[in-house]
Amino acid sequence: MCGIIGVIGKEDPVHALLDGLKNLEYRGYDSAGLALKNYYQIQVIKSVGKIANLEEKVSDTSLIPAFLGIAHTRWATHGSPSEVNAHPHTSGKVTLVHNGIIENAKEIKERLVQEGISFVSDTDTEVAAALINFYYEKDAIQAIDLALNDIVGSYAFLILFADSNQLYALRKDSPLVVGVSDHGNFVASDIVAIASWTRQYFLLEEGEIAVLSDSRVDVFRDGKTVEKNILTLDQNDGDSSKGQYEHYMLKEIMEEPMVIEKTLNSILDHLDTFSDLTQYEQIHIVACGSAMYAGMIGKSLLEEYASFPVICEVASEYRYKNILYDRKTLVILISQSGETADTIAAMRKAKDASVDTLAIVNVKTSTLARESDRQIFIEAGPEVAVATTKAYILQVFVLALLSYQTAVSKGMVHDSSVLVEARKLPQMISEVLNRRDEYIKIAEKIYSQENIFFIGRKIDYAISLEGSLKLKEVSYIHSEAYQAGELKHGTISLIHEGMPLIAILTQEDILKKTLANLEEAKSRGAMTIVVSNQSIPFYDMEILVPKVNAFLQPILVVPCLQLLAYEVAKMRGCDIDKPRNLAKSVTVE
Ligand code: F6R
Numbered sequence: 147m148c149g150i151i152g153v154i155g156k157e158d159p160v161h162a163l164l165d166g167l168k169n170l171e172y173r174g175y176d177s178a179g180l181a182l183k184n185y186y187q188i189q190v191i192k193s194v195g196k197i198a199n200l201e202e203k204v205s206d207t208s209l210i211p212a213f214l215g216i217a218h219t220r221w222a223t224h225g226s227p228s229e230v231n232a233h234p235h236t237s238g239k240v241t242l243v244h245n246g247i248i249e250n251a252k253e254i255k256e257r258l259v260q261e262g263i264s265f266v267s268d269t270d271t272e273v274a275a276a277l278i279n280f281y282y283e284k285d286a287i288q289a290i291d292l293a294l295n296d297i298v299g300s301y302a303f304l305i306l307f308a309d310s311n312q313l314y315a316l317r318k319d320s321p322l323v324v325g326v327s328d329h330g331n332f333v334a335s336d337i338v339a340i341a342s343w344t345r346q347y348f349l350l351e352e353g354e355i356a357v358l359s360d361s362r363v364d365v366f367r368d369g370k371t372v373e374k375n376i377l378t379l380d381q382n383d384g385d386s387s388k389g390q391y392e393h394y395m396l397k398e399i400m401e402e403p404m405v406i407e408k409t410l411n412s413i414l415d416h417l418d419t420f421s422d423l424t425q426y427e428q429i430h431i432v433a434c435g436s437a438m439y440a441g442m443i444g445k446s447l448l449e450e451y452a453s454f455p456v457i458c459e460v461a462s463e464y465r466y467k468n469i470l471y472d473r474k475t476l477v478i479l480i481s482q483s484g485e486t487a488d489t490i491a492a493m494r495k496a497k498d499a500s501v502d503t504l505a506i507v508n509v510k511t512s513t514l515a516r517e518s519d520r521q522i523f524i525e526a527g528p529e530v531a532v533a534t535t536k537a538y539i540l541q542v543f544v545l546a547l548l549s550y551q552t553a554v555s556k557g558m559v560h561d562s563s564v565l566v567e568a569r570k571l572p573q574m575i576s577e578v579l580n581r582r583d584e585y586i587k588i589a590e591k592i593y594s595q596e597n598i599f600f601i602g603r604k605i606d607y608a609i610s611l612e613g614s615l616k617l618k619e620v621s622y623i624h625s626e627a628y629q630a631g632e633l634k635h636g637t638i639s640l641i642h643e644g645m646p647l648i649a650i651l652t653q654e655d656i657l658k659k660t661l662a663n664l665e666e667a668k669s670r671g672a673m674t675i676v677v678s679n680q681s682i683p684f685y686d687m688e689i690l691v692p693k694v695n696a697f698l699q700p701i702l703v704v705p706c707l708q709l710l711a712y713e714v715a716k717m718r719g720c721d722i723d724k725p726r727n728l729a730k731s732v733t734v735e
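Count along the sequence shown starting at 1, add 146, and that's the number in the working numbering.
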């Protein structure tokens with residue numbers, strides 16, 4: 147959600163800024179802008195819509211020679227997506243870009259208006275610029291500190307002062323990574339924005355201020371210098387190219403066999419140490435969106451096969467509820483980005499209650515990874531498409547192994563076939579993905595529909611939720627998932643002739659029950675599509691997936707649904723990798 151990049155001391159800052167913004171596009175945005183600076187002046191250029199529009203504007207503008215620049219992609223929160231609301235914002239000597247939300251912007255603005263300060267935009271960011279400028283006399287850090295005393299909210303700021311040749315960076319609840327090199331220094335909200343310029347970096351912590359100049363970077367906390375440990379980016383981290391694929395979503399789905407293998411190799415050796423949950427009496431799984439739906443599969447598996455009581459809750463609800471903990475509660479947080487504001491708040495709530503926290507997370511440098519007590523890393527690599535695919539599959543995979551190991555520890559499962567079959571998963575997923583033609587044929591039948599429903603029971607219902615979310619977010623077709631048995635308690639009235647109903651049927655014990663519900667819908671005209679691990683005749687269309695151990699079965703079903711959503715969205719001409727209104731990393735609540 148919003149992307150930030152700053153560059154100092156590099157020969158061609160404009161190129162680096164635009165390149166960085168493109169690598170941050172996945173975060174979601176509706177306008178973009180940049181500011182360039184030399185010893186005498188600051189030049190600001192902004193545009194609404196795609197970065198290509200900003201690029202065009204930049205090439206039509208006579209640019210000042212600059213050694214310093216900041217740039218931003220904005221996802222509108224305060225004020226509509228417009229040029230005037232786009233960042234950077236300037237007030238007096240201060241020009242800045244900002245990720246996050248300043249919650250008390252209205253009060254601060256009223257105060258500053260009384261001081262005779264005027265505003266041009268509707269944004270909370272301009273208020274921050276005005277506040278820092280209000281406090282600024284000569285000492286930049288002092289002005290920033292004074293402003294921070296007044297500000298309530300979340301932020302990552304990059305700040306320029308008209309009479310300083312340095313770049314100031316600071317953060318709270320929004321990440322910033324600082325890249326260092328002998329051909330310039332960099333700062334961005336994600337390492338992918340600067341990985342093509344430097345592989346040496348450090349993470350800026352809350353409470354620190356980084357001061358970047360062309361030849362050095364200093365970090366201060368409470369007026370004292372902080373020594374930072376410089377890290378080196380792994381070879382593969384930060385590789386976010388699309389390769390031969392038309393879309394990132396497709397590339398990332400096709401990477402699923404590879405990332406399953408990588409994750410399995412990284413966790414298999416210490417499976418029993420991380421997954422012995424038997425010391426706890428209850429588990430809370432907390433996450434948002436798809437990560438929460440992955441959690442629902444984990445809940446079903448733990449309840450069904452390890453008889454473990456599990457609460458699975460959306461983080462935005464959990465954080466504000468009266469949660470009853472006891473000392474034997476474990477809170478599992480699931481997140482691809484590790485920066486989702488609500489999930490982080492849920493983790494902090496659990497920590498405040500002195501309850502153990504375990505994060506299942508992809509980004510190793512993220513806030514969730516750093517603040518949780520224990521971590522299991524999924525090895526998805528960079529996920530660029532806004533709709534998660536490979537990270538979701540890995541979250542389910544890790545939860546399946548956790549549940550399996552717990553069931554073994556509790557003496558409820560004795561055979562090791564799960565681990566044997568886990569080794570075969572990459573090959574099996576590849577088989578499922580290779581049947582793209584079948585999904586295209588189904589997509590052709592359903593892509594022009596306005597409503598598509600999914601049904602399932604237990605784990606199949608949790609799978610349905612993800613199938614439905616994937617479809618609606620990338621294709622904009624209205625879709626809902628229902629527990630199959632609930633259909634006739636109201637929703638069946640929406641079924642009409644030709645309306646697609648996708649049923650997930652992978653559990654033998656309740657197969658007949660769901661089939662009966664499907665029959666009810668079929669007899670009312672629904673176009674029935676069955677996704678199953680056994681052939682079920684008499685329905686309009688069928689997707690057959692290989693049958694595996696119940697712990698692993700969802701991992702073979704969801705890739706079909708992801709590809710189906712992809713093909714439908716493609717036929718409808720949607721912006722698949724960046725669906726409207728969505729952001730990859732939801733850093734505000
Ligand atoms: C849907 C999707 C979102 C995320 C959710 C949580 O395709 O990607 O629902 O799953 O925003 O994000 P993370 O996993 O980064 O916490």
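By construction, the Cβ of each residue, glycine as well, lies at the ideal position given by its N, Cα and C atoms.
- For residue 317, the enclosing beta strand (DSSP E) covers residues 313-318.
- Counting only residues of its own chain and dropping the five nearest sequence neighbours on each side, residue 174 has a CB closer than 7 Å to the CB of 147, 221, 532, 724, 728, 729 and 730.
- A residue is called buried once 16 or more other Cβ atoms fall within 10 Å of its Cβ, and residue 402 is buried on that count.
- For residue 697, there is no enclosing alpha helix (DSSP H), as DSSP gives it neither H nor E.
- Our two residues, residue 297 and residue 719, have alpha carbons roughly 43 Å apart in a direct line.
- Residue 279 carries a helical assignment under DSSP once its states are collapsed to helix, strand and coil.
- Runs of beta strand (DSSP E) with 3 or more residues, each lying fully within the region 584-608, are found at 597-602, listed in chain order.
- Here the alpha carbons of residue 706 and residue 580 stand approximately 10 Å from one another.
- Annotation: residue 567 to residue 692 spans about 12 Å, alpha carbon to alpha carbon.
- Across the structure, residue 245 and residue 192 are spaced so that their CA atoms are roughly 16 Å apart.
- Relative to the ligand F6R, residue 714 has its C-beta separated by 7 Å or more from all heavy atoms.
- Within the model, the alpha-carbon separation for residue 310 versus residue 240 is close to 10 Å.
- As the crow flies, the alpha-carbon of residue 522 is around 17 Å from that of residue 486.
- The beta carbon of residue 424 is closer than 8 Å to those of 552, 555 and 556 in its chain, skipping five residues each way along the sequence.
- In the displayed model, residue 501 falls within coil according to three-state DSSP, outside both helix and strand.
- Per DSSP, the unbroken beta strand (DSSP E) holding residue 189 starts and ends at 188-194.
- For the ligand F6R, a non-hydrogen atom lies closer than 7 Å to the CB of residue 615.
- Ranking 162, 150, 163 and 404 by CA distance to the CA of residue 536 puts 404 first.
- Secondary structure at residue 347: strand, using DSSP grouped into helix, strand and coil.
- Beyond the five residues adjoining it in sequence on each side, residue 607 comes within less than 6 Å, by CB distance, of 629 in the same chain, given in chain order.
- Per DSSP, the beta-bridge partners of residue 235 are 242.
- As summarised for the region 652-715, the continuous alpha helix (DSSP H) elements at least 4 residues long and confined to that stretch are 654-668, given in chain order.
- DSSP links residue 430 through a beta bridge to 457 and 477.
- The way I'd put it, the region 249-261 doesn't touch the region 323-342; fewer than three beta-carbon pairs between them come closer than 8 Å.
- For residue 210, there is no enclosing alpha helix (DSSP H), as DSSP marks it with neither H nor E.
- In this structure, residue 711 has its CB at a distance of at least 7 Å from all heavy atoms of the ligand F6R.
- The C-alpha of residue 322 is placed about 26 Å away from the C-alpha of residue 187.
- In terms of CA proximity to residue 496, 474 leads the group 483, 260 and 474.
- Residue 450 and residue 437 have their C-alpha atoms some 20 Å from each other.
- In the DSSP assignment, residue 331 falls within the beta strand (DSSP E) that extends over 331-334.
- Between residue 539 and residue 476, the gap from beta carbon to beta carbon reaches 8 Å or more.
- With contacts defined as CB atoms closer than 8 Å, residue 503 and residue 479 qualify as a contacting pair.
- Proximity to residue 399 across 604, 575 and 205 peaks at 575, based on C-alpha coordinates.
- If you look at residue 366, you'll find it in the beta strand (DSSP E) that goes 363-367.
- Secondary structure at residue 626: strand, using DSSP grouped into helix, strand and coil.
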